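**Q**
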């Protein structure tokens with residue numbers, strides 16, 4: 072059974088003494104076929120975490136494995152194929168409403 076494993080994901084923006092910790096050390100495991108909701112207040116890092124877990128944005132630190140494969144060790148074509156075939160998102164952007 073496939074599973075998605077995020078290990079100690081950190082995503083920081085900025086540099087020097089102006090660092091914003093959008094995601095700071097999140098680990099979780101999601102098994103194939105499970106619907107998972109990530110909830111939190113506005114600005115808490117939900118979208119950033121999802122982007123890192125799906126290979127849309129590389130984390131500052133940490134790793135993401137899909138079926139024991141490090142998605143950040145894949146080339147762009149392999150990563151695009153995995154996103155196309157393995158991940159599904161429902162984005163909460165208002166521009167998706169006709």
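Residue numbers (my numbering): 72 to 169.
Every residue, glycine too, gets a C-beta built ideally from N, C-alpha and C.
Computed from a predicted structure; not experimentally measured.
1) Here's a check: name, in chain order, each residue in its chain whose Cβ is nearer than 6 angstroms to the Cβ of residue 128, leaving out the five neighbours to either side.
2) When DSSP labels each residue in this structure, what does residue 101 get in the three-state scheme?
3) Excluding the five sequence neighbours on either side, which residues of its own chain have a C-beta within less than 6 angstroms of the C-beta of residue 135, listed in chain order?
4) Touching or not, the region 142-154 and the region 83-103, by the rule of three or more beta carbon pairs under 8 angstroms?
5) Taking 6 angstroms as the limit between beta carbons, can you name the residues of its chain near residue 140, skipping five residues before and five after?
6) When you compare the CB positions of residue 71 and residue 79, do they come within less than 8 angstroms of one another, or not?
7) Three-state secondary structure (DSSP) at residue 125?
**A** Straight from the coordinates:
1) 122
2) strand
3) 77, 124 and 142
4) no
5) none
6) In the structure displayed, the chain extends from 72 to 169; residue 71 sits before or after that span and is not available.
7) coil
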